[in-house]
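Before any comments, here is the structure.
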Amino acid sequence: MNNILMRCILPLSCRISAALIIWVTALFWLQSVCRANGFDFAELSLEELKNVEIISVSKKPEKISEAPAAVFVITAEDIRRSGATNIPEILRLAPGMEVARIGTNSWAVSARGFNEFYANKLLVMIDGRSVYTPIFSGVFWDVQDTLIADIDRIEVIRGPGSILWGANAVNGVINIITKKARETQGGLFTAGAGDREPGFGSIRYGGTSGKDACYRIYAKYFYREPFDTPDENKTGKHYLGTPAEDMSTDNWQSFRGGFRFDWDPEPSNALSFQGEAYLNGDDMMSEVWKNSRGPELLNESSEVAGGHLLGSWQHIISDTSDTVLQFYYDRTRRDSLQAKYSINIFDADFQHRFVFASNHEITYGLGYRFISDEIEDFYLTSFDPNARDQYLFSAFVQDEIQLIPDILRLTLGSKFEHNDFSGFEIQPGIRLLWMPHKSHSLWAAVSRAVRSPARSDHDISKITGLESSSGSVTGEPASVRISGTEEIPEKTTNTAFDTVNTESGSDSFDSEDVIACEIGYRVQPADGLWIDTAFFYNRYRGLESKEEIPADAVLAGGKWESNDFVQTQDNMNYFQPENKMEGITYGIELAADWQAAEWCRLRAAYSYLTMDMSLSEDSTDTRSKSEIEGSSPEHQFSLWSSLDITKQLEFDVRLRYISDLPARNTDGYTAMDTRLAWKPSENLEFSIAGQDITDSPHSEFSDLEVERSFYGKVEWKF
Amino acid sequence: MKYRVSGFTFQALIFLMYLTAGQVHAQPTVGEEYRVKAGFIFNFAKFVEWSEEAFEDKNSPILLCVFPPDIFNKILFTQNIGTREILIKPYQNDEDVKCCHILFLGVSDKDFVQEKLNIVKDMKNILTVGESEDFTQMGGIIGFATEKERVNLLAEKRRLTFDINLDASDRAGLKLRSQLLSTARKVEGSQ
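Residue numbers (our numbering), protein chains in the order written: chain L, -5 to 712; chain D, 74 to 264.
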């Protein structure tokens, strides 16, 4: 005992007290160096001041508060204070967003319902580049990333945004906008570590090149631990279909680097050029059925690599007229159990905005996209044809009419689009904004939007499930689910499956569409208090259902004949997507933002959602209705308190409640995230963040149990 | 071994802190509108020459009268201009104007602004700064203007710039230095 005291505890306490003394001295010294709250802009020169972006006291960008849509902006400051380390977690900050973690590197993200692994009714753009995958219709969140500190804002638009952004913006649009190179001058170094994230770091440097040009270059790396160690004895988690893996055993590492170059040769012309390349990898553990005799444990390292180049030219013709021309090329190669493909996208967009007859602001645009893919056969899934080129043509026109200047504004417009699968699509919309008073605005909108068929709806053929009938060895009838949530029954080595469910794409599957009616009201009842409400009523038609079809009607299923596994089966069930479901959803979204004092900001949000799907009489689908209805939470509530305890010390607590998802077998849960940051100077910040710190691990969308985690981080500007 | 490493990191961290704290503070790229405007006004004062009779002595402060009275409530200038401090004086009644060196009218109501400009029209040594439309055409000396930069259809960024009316500054007996004139967006009047 004594020995321990002498050898360990005493020296340790000496060390600790010495350390404490150094820290405390450093703290006091630094505090004296740092100035009063708020930067004194008198220290800047006139030239520097002209470059400072100004915000009004209410901290709401004016244009947004006048938008006749349910728009929410997540600012760079919100992102920094949230402590979130990836884009899906950041999206939790927006009221009404449904974000549920499926695995280490996968999330289900949607708005206003229809959440799933490939949530296909939410369009996501990063700097004007669509990251919605045209193969599965949805977003692979594992590769959507950038330097978090360089994100300027994330605009979250709930409801159709199809006039401006086109197809698939059915229930919402996420617009991620990064900072201009001028705003990221100098160096930024961040590094951190935590129990789930043993190491992450990034470095960025921004400089000028000549008088009118700025650039930045950056690199980022992270490694994340799996939620669970692979356990060979763990049974009952055998997924089939997509994703075919045990989500909790993935680790995840990522490396990415990029640049941005902005050149403003004259005030009327701004050119921007950016590019990024990334490499992501994870080691997955999954049990797959290679034959009807039972599962096999498979370890696979997946690799996803890609990158993009984007150029844009903004030209200001006059005070009332400007144009934007943008090109991008985007490439992804994915080699994982979820999918194996490479895809190249080339996109060109032109937009012109001008004022006409003083009260009309007209915007029109033209777009062209070329998509070329090559898909390898992967586990029990193949595409026919393997390679396909798709062309997408689009045009839109929108007129914003000041009926009564600054009081009543009408926005009319439509998008016209042609795609190779469903042909010509028209997506019109009408929006009205009434601002009877500076602090009140009321808006209403009716719009139509479509989700166009993806490559998988058209060309896929895959085995989606195995069934053992009552006569089989296990003697227990059971079914296997398509999208990877329902489990195959407990593994017994003798299990034999005698029925195979296959799914194939269909040429006749058409677009899903929605007519959305929305009403919103924003009010600023007092200084520093904002309340935003939105009510929506959506009517969907032609929603995807999985219909059983007779064997001789299978079009894309010819491939199976070469598959030994399938050939040995007696019973085959064939399914195809058809548009035999309709649905109604309605809900309300409330958000309040209160700057209670200069050092205290409170934000709350609540959203309510009801979904009612109905299948047409001749539909044989027994699954889609309950799956869709039960995969989005009815109630979501969140509370966020941001405190500046002292001038250098920030403390944030975020609380969120999500109600249960019957189709995913998850209970309602309350999770809490916290962050404590110390800024000894403008250039340096230390922070500790705790995520999901309430005691019990909880499931959000899958069997994966999200556990408490912590990390520490240092951010240094130089 | 492990201890040595962590001890080293620890000391390196402390060293880093000392190093960075001494450095020039990173420039904020975003600011609350009236904090930034106050920064501009401080810079204006640096480049304006008042005649000697405007001050009692070498050390007497520059009085900055502001309307609305609470608009610069949170602002405190931490620096002096030469030997002079800048003191913020809330504008309570028209009598206050007489002793002001700078009058800032942070309102957009043109009639109101014209009324206040008329009061100081014949007074010397008052630098008028405003933000209403056509402030310089109405006889003000320096008028703030907002430059909008489009982010996308939903958002734009705002930055500040300013116009100068030299005829008005001549009438007030003020001399504006070239640093001020060269950064202005527009300079009206002759010199």
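In this text, a Cβ means the ideal position worked out from N, Cα and C, and glycines have one as well.
Note that the structure is a prediction, hence the values are computed from the model and not measured.
Open item on the list: In whole angstroms, give me the CA-to-CA distance for L:E177 and L:Q268.
Closed with: Taking the first residue of the first sequence as 1, we reach residue 177 of chain L at position 183. Taking the first residue of the first sequence as 1, we reach residue 268 of chain L at position 274. Rounded to the nearest angstrom, the gap between the Cα atoms of L:E177 and L:Q268 is 15 Å.
Task: Beta-carbon gap between L:R597 and L:R75 smaller than 8 Å - done: Counted from its first residue, the first sequence places residue 597 of chain L at position 603. Counted from its first residue, the first sequence places residue 75 of chain L at position 81. Cβ distance not < 8 Å, so L:R597 and L:R75 don't count as in contact.
TODO: Output, in sequence order along the chain, the residues in the segment 32 to 50 of chain L whose CB is closer than 8 Å to any CB in chain D.
DONE: Within the segment 32 to 50 of chain L, the residues whose Cβ lies closer than 8 Å to some Cβ of chain D are G32, F33, D34, F35, A36, E37, L38, S39, L40, E41, E42, L43, K44, N45, V46, E47, I48, I49 and S50, listed in chain order.
TODO: Consider the Cβ of D:Q210: report whether some Cβ of chain L lies at a distance smaller than 8 Å.
DONE: Sequence index remark: in the second sequence, residue 210 of chain D carries index 137 (1-based). Output row for D:Q210: interface = no.
Task: Residue from L:S408, L:I398 and L:N165 whose Cα sits closest to the Cα of L:V508 - done: Within the first sequence, the letter at position 514 stands for residue 508 of chain L. Just measuring C-alpha positions, the residue of L:S408, L:I398 and L:N165 sitting nearest L:V508 is L:N165.
- [ ] Using a Cβ-Cβ cut-off of 8 Å, state whether D:F185 counts as contacting chain L.
- [x] Here the question's residue 185 of chain D lines up with position 112 in the second sequence. Not closer than 8 Å to any Cβ of chain L, the Cβ of D:F185 fails to qualify, so no.
Task: Chain-ordered neighbours of D:E111 on chain L, where CB pairs are closer than 9 Å - done: As a position in the second sequence, residue 111 of chain D is number 38, starting the count at 1. Per the sequence shown, the amino acid found at residue 111 of chain D is Ala instead of Glu. For D:A111, the chain L residues whose Cβ falls inside 9 Å of its Cβ are D34, F35 and A36, in order along the chain.
Open item on the list: Considering only their Cβ atoms, is the gap separating L:S104 from L:L141 smaller than 8 Å?
Closed with: Position 147 of the first sequence, counting from 1, holds the residue named residue 141 of chain L. Position 110 of the first sequence, counting from 1, holds the residue named residue 104 of chain L. No, Cβ-Cβ distance for L:L141 and L:S104 is not below 8 Å.
Open item on the list: Can you check which of these residues, L:K707, L:V125 and L:D136, is closest to L:D276 by C-alpha distance?
Closed with: If you number the first sequence from 1, residue 276 of chain L lands on position 282. The residue from L:K707, L:V125 and L:D136 with its alpha-carbon nearest to that of L:D276 is L:D136.
TODO: Would you tell me roughly how many angstroms separate the C-alpha atoms of L:S376 and L:S330, rounded to the nearest one?
DONE: Within the first sequence, residue 376 of chain L is the residue found at index 382, counting from 1. Within the first sequence, residue 330 of chain L is the residue found at index 336, counting from 1. Straight across, the Cα-Cα distance linking L:S376 with L:S330 is about 14 Å.
Open item on the list: Please classify L:E270 as buried or exposed, where buried requires at least 16 neighbouring CB atoms within 10 angstroms.
Closed with: Within the first sequence, residue 270 of chain L is the residue found at index 276, counting from 1. By the C-beta density criterion, L:E270 is buried, having at least 16 other C-beta atoms within 10 angstroms.
Open item on the list: Please tell me whether L:W171 has its Cβ less than 8 Å away from any Cβ of chain D.
Closed with: Along the first sequence, one-based indexing puts residue 171 of chain L at 177. Looking at the sequence itself, residue 171 of chain L is Ile, so the reference to Trp does not match. Taking 8 Å as the CB threshold, L:I171 lines the interface with chain D.
- [ ] Could you spell out where the beta strand (DSSP E) holding L:F631 opens and where it closes?
- [x] Residue numbering aside, residue 631 of chain L sits at position 637 when the first sequence is read from its first letter. Unbroken beta strand (DSSP E) run through L:F631: H629 to D638.
TODO: Mark L:K231 as exposed unless 16 or more other C-beta atoms lie within 10 angstroms of its C-beta, in which case mark it buried.
DONE: Here residue 231 of chain L is taken as the residue at index 237 of the first sequence, counted from 1. Reliability fails at L:K231, whose pLDDT of 39 lies under 50, so the model's placement of it is uncertain and the value that follows must be treated cautiously. L:K231 should be labelled buried.
Task: Simplified DSSP state of L:H434, which is helix, strand or coil - done: Counted from its first residue, the first sequence places residue 434 of chain L at position 440. Shown here, L:H434 sits in a strand according to DSSP, grouped into three states.
TODO: Return the residues of the segment 120 to 154 of chain L that lie within a Cβ-Cβ distance of less than 9 Å from chain D, sorted by chain order.
DONE: Within the segment 120 to 154 of chain L, the residues whose Cβ lies closer than 9 Å to some Cβ of chain D are G122, D146, R147, E149 and I151, listed in chain order.
Task: Simplified DSSP assignment, three categories, for L:A657 - done: For the purposes of this step, residue 657 of chain L is taken as residue 663 along the first sequence, with counting starting at 1. In the structure shown, the three-state DSSP call for L:A657 is helix.
Task: Proximal chain D residues relative to L:D686, where beta-carbon distance stays under 8 Å - done: Translated into positions along the first sequence, residue 686 of chain L becomes position 692. Neighbours of L:D686 on chain D: none; closest Cβ ~28 Å, over 8 Å.
TODO: Spell out whether any CB of chain D is found under 8 Å from the CB atom of L:D316.
DONE: Counted from its first residue, the first sequence places residue 316 of chain L at position 322. Chain D, which has a Cβ nearer than 8 Å to the Cβ of L:D316, makes this yes.
Task: Three-state class that DSSP yields for D:L247 in the structure shown - done: In the second sequence, the residue the question calls residue 247 of chain D occupies position 174. Coil.
Task: Under 8 Å between C-beta atoms of D:F217 and D:L178 - done: Taking the second sequence and counting its residues from 1, one reaches residue 217 of chain D at position 144. Taking the second sequence and counting its residues from 1, one reaches residue 178 of chain D at position 105. For the 8 Å CB-CB criterion, D:F217 and D:L178 do not form a contact.
Open item on the list: According to DSSP, simplified to helix, strand and coil, what is L:W723?
Closed with: Coverage of chain L is limited to positions -5 through 712, which leaves residue 723 of chain L absent and any answer about it impossible.
- [ ] Taking L:D244 and L:N99 to be in contact with their CB atoms under 8 Å, please state how far apart those CB atoms are, rounded to whole angstroms.
- [x] The sequence position of residue 244 of chain L within the first sequence is 250, counting from 1. The sequence position of residue 99 of chain L within the first sequence is 105, counting from 1. Contact holds; Cβ gap of about 6 Å.
TODO: Please work out which residues of its chain come closer than 8 Å, Cβ to Cβ, to D:D169, disregarding the five sequence neighbours upstream and downstream, and give them in chain order.
DONE: Within the second sequence, the letter at position 96 stands for residue 169 of chain D. The answer, listed in chain order, is C138 and K162.
- [ ] Tell me whether the beta-carbon of D:E158 lies closer than 8 Å to the beta-carbon of D:S181.
- [x] Taking the first residue of the second sequence as position 1, residue 158 of chain D is located at position 85. Taking the first residue of the second sequence as position 1, residue 181 of chain D is located at position 108. No; because the gap between Cβ atoms is not below 8 Å, this pair is not in contact.
Task: Reference L:F348; option with closest CA among L:Q570, L:H629 and L:Y358 - done: Stepping through the first sequence from its first residue, residue 348 of chain L is reached at position 354. Cα-wise, what sits closest to L:F348 is L:Y358.
TODO: Starting from the C-beta of L:S315, find all residues in its chain whose C-beta is less than 8 Å away, skip the five residues before and the five after it, and write them out in chain order.
DONE: For the purposes of this step, residue 315 of chain L is taken as the residue at position 321 of the first sequence. Result list for L:S315: H346, R347, F348 and V349, in chain order.
Task: Limits of the alpha helix (DSSP H) - the one that D:A118 falls within - done: Along the second sequence, read from residue 1 onward, the residue named residue 118 of chain D stands at position 45. In the DSSP assignment, D:A118 falls within the unbroken alpha helix (DSSP H) covering E106 to K119.
Open item on the list: My output table needs one value for L:R75: the three-state DSSP class, helix, strand or coil.
Closed with: Start at 1 with the first residue of the first sequence, and residue 75 of chain L comes out as number 81. Here L:R75 carries a helix assignment [DSSP, helix/strand/coil].
Open item on the list: So if I threshold CB-CB distances at 7 Å, which residues from the segment 146 to 160 of chain D count as touching chain L?
Closed with: If the cut-off is 7 Å between Cβ atoms, the segment 146 to 160 of chain D has K147, L149, F150, T151 and Q152 near chain L.
TODO: Using the DSSP secondary-structure output, state which residues sit across from L:A528 in a beta bridge.
DONE: Within the first sequence, the letter at position 534 stands for residue 528 of chain L. Answer by DSSP bridge pairing, in chain order: L:G514 and L:E583.
TODO: From the DSSP output, in three-state form, read off D:C172 for me.
DONE: The count along the second sequence starts at 1 and reaches residue 172 of chain D at position 99. In the three-state scheme derived from DSSP, where H, G and I count as helix and E and B as strand, D:C172 is classed as helix.
TODO: Pull out every residue of the segment 227 to 246 of chain D whose Cβ sits closer than 8 Å to any Cβ of chain L, in chain order.
DONE: Sequence-ordered contacts of the segment 227 to 246 of chain D with chain L read L227, A228, E229, K230, R231, R232, L233 and T234 [C-beta pairs closer than 8 Å].
Open item on the list: Can you list, in chain order, the residues of its chain with a C-beta nearer than 6 Å to that of D:G212? Leave out the 5 residues immediately preceding and following it.
Closed with: Position 139 of the second sequence, counted from the start, is the residue given in the question as residue 212 of chain D. Excluding residues within five positions, the ones whose Cβ falls inside 6 Å are L190 and A241.
Task: Minimum Cβ-Cβ distance from D:V103 to chain L less than 8 Å - done: Indexing the second sequence from 1 puts residue 103 of chain D at position 30. D:V103 counts as touching chain L.
Open item on the list: Does chain L have any CB closer than 8 Å to the CB of D:F140?
Closed with: Taking the first residue of the second sequence as 1, we reach residue 140 of chain D at position 67. No, no contact with chain L.
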